[in-house]
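Note that the protein sequences, when read in sequence, are chains A and B.
Be aware that the first sequence starts at 5, since it is given in the working numbering, and climbs by one per residue.
Be aware that the second sequence starts at 365, since it is given in the working numbering, and climbs by one per residue.
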Amino acid sequence: MRRSSAKPSLWVLAVREREADVIVVGGGPAGLAAASSCKEAGLEVLLVEREGSLGGILPQCIHTGFGILETKEDYTGPEFAEMLEKRARDLGVEILLDSYVSRLSQVGGCGASIEVLSPRGVETMRASTLIFSTGCRERNAFEIGITGDRPAGVMTAGTAQALMDLYGLLPGREVVVVGSGDVGLIMSRRFALEGAKVKAVVEITRYPGGLTRNVVQCLEDFGIPMLLSHAVLEVRGRKRVESVVVSEVDEKQGPVPGTESEIECDTLVVAAGLVPEAGLLEKAGAKIDPLTGGPFVNEFLETSLRGVFACGNVLVVNDLVDHAVEQGRLCAMSAKSLIEGTMRRPSAWKRAVPGENVRFVVPHLFSGDRDTVFYSRVRSPMRDCSLSFNEIDKEVRIRAAMPAEMVRVRIEGSLLSGVGEALTFEVRGWPKGKRG
Amino acid sequence: MPFRVAIIGAGVVGSAVARELSKYEGFEVHVLEKEADVGWGASKANTGILHAGYDDDPSKFPMRARLCRAGNELWRGLADELEVPVRWCGSLVLAFDENERRVLAELLSRGRSNGVPGLRVVGTDLVQKLESNASKEAVEALWAPTSGIISPYEATVALIENATENGAKLHLETLARRIVVKDRRVVGVETDRGFLEADAVVNASGIFGDLLSGTAGISGFRIRPRRGEYFVFDRDAEPKVGMTLFPAPRPETKGVVVTQTADGNLLVGPNAKDLGEKERESTETTKGGLEEVWREASRLVVGLPPRSAAIRTFAGLRPEPDRGDFIIEAYEDPSGLVNCVGTRSPGLTSAPAIAMEVAKLLAKGGFRFAIKGKWKSRRKAMTRFRDLPSSERDGLISKDPSYGRIVCTCETVTEAEIKEAIRRGARTLDSIKFRTRAGMGRCQGSFCLAKMMVLLSRETGTRIEDVSVKGKGSNVVLGRVRDGT
Ligand SMILES: Cc1cc2nc3c(=O)[nH]c(=O)nc-3n(C[C@H](O)[C@H](O)[C@H](O)COP(=O)(O)OP(=O)(O)OC[C@H]3O[C@@H](n4cnc5c(N)ncnc54)[C@H](O)[C@@H]3O)c2cc1C
Ligand SMILES: Cc1cc2nc3c(=O)[nH]c(=O)nc-3n(C[C@H](O)[C@H](O)[C@H](O)COP(=O)(O)OP(=O)(O)OC[C@H]3O[C@@H](n4cnc5c(N)ncnc54)[C@H](O)[C@@H]3O)c2cc1C
Numbered sequence: 005m006r007r008s009s010a011k012p013s014l015w016v017l018a019v020r021e022r023e024a025d026v027i028v029v030g031g032g033p034a035g036l037a038a039a040s041s042c043k044e045a046g047l048e049v050l051l052v053e054r055e056g057s058l059g060g061i062l063p064q065c066i067h068t069g070f071g072i073l074e075t076k077e078d079y080t081g082p083e084f085a086e087m088l089e090k091r092a093r094d095l096g097v098e099i100l101l102d103s104y105v106s107r108l109s110q111v112g113g114c115g116a117s118i119e120v121l122s123p124r125g126v127e128t129m130r131a132s133t134l135i136f137s138t139g140c141r142e143r144n145a146f147e148i149g150i151t152g153d154r155p156a157g158v159m160t161a162g163t164a165q166a167l168m169d170l171y172g173l174l175p176g177r178e179v180v181v182v183g184s185g186d187v188g189l190i191m192s193r194r195f196a197l198e199g200a201k202v203k204a205v206v207e208i209t210r211y212p213g214g215l216t217r218n219v220v221q222c223l224e225d226f227g228i229p230m231l232l233s234h235a236v237l238e239v240r241g242r243k244r245v246e247s248v249v250v251s252e253v254d255e256k257q258g259p260v261p262g263t264e265s266e267i268e269c270d271t272l273v274v275a276a277g278l279v280p281e282a283g284l285l286e287k288a289g290a291k292i293d294p295l296t297g298g299p300f301v302n303e304f305l306e307t308s309l310r311g312v313f314a315c316g317n318v319l320v321v322n323d324l325v326d327h328a329v330e331q332g333r334l335c336a337m338s339a340k341s342l343i344e345g346t347m348r349r350p351s352a353w354k355r356a357v358p359g360e361n362v363r364f365v366v367p368h369l370f371s372g373d374r375d376t377v378f379y380s381r382v383r384s385p386m387r388d389c390s391l392s393f394n395e396i397d398k399e400v401r402i403r404a405a406m407p408a409e410m411v412r413v414r415i416e417g418s419l420l421s422g423v424g425e426a427l428t429f430e431v432r433g434w435p436k437g438k439r440g
Numbered sequence: 365m366p367f368r369v370a371i372i373g374a375g376v377v378g379s380a381v382a383r384e385l386s387k388y389e390g391f392e393v394h395v396l397e398k399e400a401d402v403g404w405g406a407s408k409a410n411t412g413i414l415h416a417g418y419d420d421d422p423s424k425f426p427m428r429a430r431l432c433r434a435g436n437e438l439w440r441g442l443a444d445e446l447e448v449p450v451r452w453c454g455s456l457v458l459a460f461d462e463n464e465r466r467v468l469a470e471l472l473s474r475g476r477s478n479g480v481p482g483l484r485v486v487g488t489d490l491v492q493k494l495e496s497n498a499s500k501e502a503v504e505a506l507w508a509p510t511s512g513i514i515s516p517y518e519a520t521v522a523l524i525e526n527a528t529e530n531g532a533k534l535h536l537e538t539l540a541r542r543i544v545v546k547d548r549r550v551v552g553v554e555t556d557r558g559f560l561e562a563d564a565v566v567n568a569s570g571i572f573g574d575l576l577s578g579t580a581g582i583s584g585f586r587i588r589p590r591r592g593e594y595f596v597f598d599r600d601a602e603p604k605v606g607m608t609l610f611p612a613p614r615p616e617t618k619g620v621v622v623t624q625t626a627d628g629n630l631l632v633g634p635n636a637k638d639l640g641e642k643e644r645e646s647t648e649t650t651k652g653g654l655e656e657v658w659r660e661a662s663r664l665v666v667g668l669p670p671r672s673a674a675i676r677t678f679a680g681l682r683p684e685p686d687r688g689d690f691i692i693e694a695y696e697d698p699s700g701l702v703n704c705v706g707t708r709s710p711g712l713t714s715a716p717a718i719a720m721e722v723a724k725l726l727a728k729g730g731f732r733f734a735i736k737g738k739w740k741s742r743r744k745a746m747t748r749f750r751d752l753p754s755s756e757r758d759g760l761i762s763k764d765p766s767y768g769r770i771v772c773t774c775e776t777v778t779e780a781e782i783k784e785a786i787r788r789g790a791r792t793l794d795s796i797k798f799r800t801r802a803g804m805g806r807c808q809g810s811f812c813l814a815k816m817m818v819l820l821s822r823e824t825g826t827r828i829e830d831v832s833v834k835g836k837g838s839n840v841v842l843g844r845v846r847d848g849t
């Protein structure tokens, strides 16, 4: 298979090319689901994954809580990933591992070409449709403005999780966690289970970021204190973390002078949110939504680059793997209809826009020709409220809305077709006494 | 018997001295460095500017004025011989009012008397043509076409690699405690790993220079830390300034600059804060310092990226001598001691010229200099996969498939490059980072940290638990999980 290496003059010709109906970039749950569905729909599909194994971040999430909506059963991350992988392999999806997509460019107004780096060499691959499922990355200590020293022992939650659950290493014994989203909560418990002392979970907002269930099971059951309306300002320690300085914050999340205190610890775990890994899309010219950090998409989950679709955490950071999988399937269906020539784009798109207490809405554009699933998140927690719209007669009651939990709603095409230019998503209090 | 020289400190200055002395017949060069790698003092945390040489008044700071100008010239050949990335991009000092215009006029005439070529004061139109991101408020600028930007840590690594290739010995994690003098002569250095006999000692210990000098009985000066803080942005961040932009200088500092590093990152800083004499390792960043940097930088360019887009902040300490000028001298009592300390800015620029000065001082001791027959002037740079065109990348992968394994995806660093860095002596994660840029990108290593640990442990045959970020006491992990998986 290897070319002879002694002919540098052939290098220019050596860059090989490949083609497929669909190329899926990223073999996490969203990409695996997309690739399997493409194959089932009879398309020729190529799945390209940079790591040596599939499953994305799932193999390192050894807790349960995966696949409840999809399968009605509760799996651990590795178990759920294995199911997705088995399905893709059984269907005969062609999979390229250790293959990093380093460049994406649109070709001929539809579809795309990618450059792939792998131990096989540099390859160019073209497809009329491309599904992007590259996941997200974590925000680090610098991005959230932590100052002070730069010693060993400051790491993101994902890194800590990988060290523990993929490599069997213990990152720290006395830990402070920044961020009380589910990731921070689950990692706190993970440390506690290893006998490490979690000295505090520090949360900058007034309420816990994660699910109540996780606050109870991950912190309260282990006696881990949570500091709400607090921020980590500074790290101290030249070689290894020795302490962190925390303080109270005001409504604008600025530190309140005089409230600083020092917590001794050897490790600072940063679980301060996730950012879609959309750099390649952005460089190729896709429009990015500053509210999600992911690409702008229409109801086909097609980005502003024709024939390039996005699903999973690169589209919008999902808290449930089931939603990532669902988005993957929709991308596959869209790719099929585009390839078969049955995709009907409207002459003018209608817009889905966030209103009161809604941070974002995905997809951003819809036609009104069919039922459409929308994903959104609230800005701040609210009890007994509803997702409602001024433009159409629909109201979805929500008992407790939390920023940590994606609000998923399916709206019928019959209602959507009546919308003028835009549909505004709002979460408001449920009127007292009203039935729902 | 070879003449044995012990150089204390492997910053850019000590490394340049080592490289210079390793050229010659008859020397045995030893470099003692307390950290786990070279260049981890001021030499890795600075702006990286190769100053043109107009800043320093030759009547007040004759060494700085002369050696900066000479160093700028020397780096041209040296960067090429050592394959260190450098951009000769030129710089602009912006003036915003009449007062500052007068400062420019002063700098211009000073530069001319220092022999700086090509200096000119230019008006707004040309300023905008030269650097379209420069503030529109600037009324005039001093244009120094010979100013450059170098990767300061790569420069240090390159100098030491070339020195060791020519026979110099590097002793890492070796702290010099005392310069030992007997009968008014230097006889060696007492370290935490034992005594090293030496005929001469070059004190290039940066911020600790006065303290070490004091152990040999020379104590006529003091060094104090002056901290400078920075923001670094991703290589994709806009605007990309092509030239280095300075404000009009103040006596204590050349001011907060906006520039692009040799690797292509937007870099903003430093401020200047004097610290106490004991705070010689206080390289922490501060909220106030960073705010100051941000304020100052915003004056110089139009449309900085949002502060939250910075991928890293850091700080460095300038070793400020109370005398003002560099201290580069040898003594009669004790003989054999050469101080080259007080190396504040422009010490990076001046380093190759300082090294020649040190050689001259040693020559005064009667030493004859003859270049070694088998001296190698050139050093080969590390492979930089990310800078290569696809066809060459493919060629590399076909020779060694580990070029096809991307370890750091933010900066496109391959497994082969990481192994090369380890072969060249990297033993910590920071050493790998500074040599390859792995972990220097947007995610700051959150994806590749574990993979680098695996590679480092595999290639060096150490336990993965023992992998450190920056040497002793900075292990990444503190043990294994209970079930020992
Ligand atoms: C700590 C934690 C706990 C969680 N807990 C739960 C839970 O209990 N229940 C639940 O349902 N969900 C949970 N989630 C969320 C869920 O895991 C995610 O929504 C889901 O993994 C997203 O899948 P994805 O395929 O979009 O991304 P990922 O799983 O991140 O996969 C992306 C894949 O793309 C690859 N890739 C990226 N860039 C490239 C490139 N340039 N070239 C080639 N390949 C590339 C990556 O290597 C990766 O394999 C949790 C997430 C975290 C972080
Ligand atoms: C914020 C800032 C910005 C700057 N910008 C520029 C610029 O743009 N252009 C320019 O030309 N210059 C600049 N400088 C100056 C430049 O960085 C320094 O002049 C240069 O790095 C000094 O090199 P050095 O080798 O003397 O010191 P260092 O790099 O500090 O090296 C001294 C070494 O000695 C070691 N050491 C100390 N004590 C001992 C001991 N007892 N035993 C063993 N080892 C020891 C230290 O670990 C260190 O590695 C700047 C400096 C700072 C701080």
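C-beta: ideal position from N, C-alpha, C; glycine also.
query, result
"Identified DSSP bridge partners for Asn302 (chain A)", "A:Leu369"
"Cβ shell of Leu324 (chain A) (< 7 Å), same chain only, five flanking positions each side left out", "Leu73, Met410"
"Contact with chain B by Glu430 (chain A), beta-carbon distance below 9 Å", "no"
"Ala562 (chain B) (DSSP reduced to helix, strand or coil)", "coil"
"Residue-level contact to chain A via CB, Ala564 (chain B), 9 Å cutoff", "no"
"Whether Leu458 (chain B) touches Ala498 (chain B) by CB criterion (9 Å)", "yes"
"In chain order, each beta strand (DSSP E) run of at least 3 residues that lies wholly inside the region 664-691 of chain B", "674-685"
"Proximity test, Cβ basis, 9 Å: Thr510 (chain B) and chain A", "no"
"Glu462 (chain B) burial status per 10 Å Cβ neighbour count (16 or more: buried)", "exposed"
"Rounded separation between Arg433 (chain B) and Pro710 (chain B) - CA only", "10 Å"
"Residues from the region 647-671 of chain B in contact with chain A, defined by Cβ distance under 9 Å", "Thr647, Glu648, Thr649, Thr650, Lys651, Gly653, Leu654, Arg671"
"Alpha-carbon spacing of Gly378 (chain B) relative to Ser137 (chain A), whole angstroms", "49 Å"
"Selection from A:Leu36, A:Arg20, A:Gly115, A:Leu223 that minimises the alpha carbon distance to Thr128 (chain A)", "A:Arg20"
"Contacts around Glu23 (chain A), its chain only, beta-carbon distance under 8 Å, and the 5 residues preceding and following it disregarded", "Met129, Arg130, Ala131"
"Own chain partners of Glu44 (chain A) with C-beta closer than 7 Å, once the 5 adjacent residues on each side are dropped", "Leu95"
"Residue burial classification, Val845 (chain B) (beta-carbon count within 10 angstroms, cutoff 16)", "buried"
"Residue-level contact to chain A via CB, Lys834 (chain B), 9 Å cutoff", "yes"
"heavy atom of ligand 3 below 8 Å from Ser407 (chain B) C-beta", "With respect to small molecules bound, the structure shown includes ligand 1 and ligand 2 and not ligand 3."
"Euclidean distance between Cα positions of Glu693 (chain B) and Val553 (chain B)", "18 Å"
"Min CB distance Gly152 (chain A) to chain B below 9 Å", "yes"
"Helix, strand or coil at Trp739 (chain B) according to DSSP, with G and I counted as helix", "coil"
"First and last residue of the uninterrupted alpha helix (DSSP H) at Phe798 (chain B)", "793-800"
"N- and C-terminal bounds of the beta strand (DSSP E) containing Val395 (chain B)", "391-396"
"Span of the beta strand (DSSP E), counted from its first residue to its last, around Cys389 (chain A)", "386-392"
"Enclosing alpha helix (DSSP H) for Thr824 (chain B) [first to last residue]", "813-824"
"9 Å Cβ cut-off: residues of chain A touching Gly850 (chain B)", "The structure shown has nothing for residue 850 (chain B), since chain B only spans 365 to 849."
"Ser8 (chain A), DSSP secondary structure in three states", "Any reading at Ser8 (chain A) needs caution, since the residue's pLDDT is 40, under 50, leaving its predicted position unreliable; the model's value is listed next. Residue state, collapsed to three classes: coil."
"Buried or exposed (CB count within 10 angstroms, at least 16 for buried), Ile735 (chain B)", "exposed"
"Helix, strand or coil at Thr647 (chain B) [DSSP, three-state]", "coil"
"Residue closest to Ala356 (chain A), alpha-carbon to alpha-carbon, out of A:Asn322, A:Gly345, A:Ile415, A:Arg383", "A:Ile415"
"For Phe597 (chain B), the first and last residue of its enclosing beta strand (DSSP E)", "587-597"
"Reduced DSSP secondary structure (H/G/I, E/B, other) of Asn535 (chain B)", "Reading off the sequence shown, one finds His at residue 535 (chain B), where the question assumed Asn. In this structure, His535 (chain B) counts as strand in the three-state DSSP scheme."
"Proximity test, Cys432 (chain B) beta-carbon vs ligand 2 heavy atom, cut-off 8 Å", "yes"
"Within 9 Å, strictly: CB atoms of Asn703 (chain B) and Ile582 (chain B)", "yes"
"Collapsed DSSP secondary structure at Met191 (chain A) in the structure displayed", "helix"
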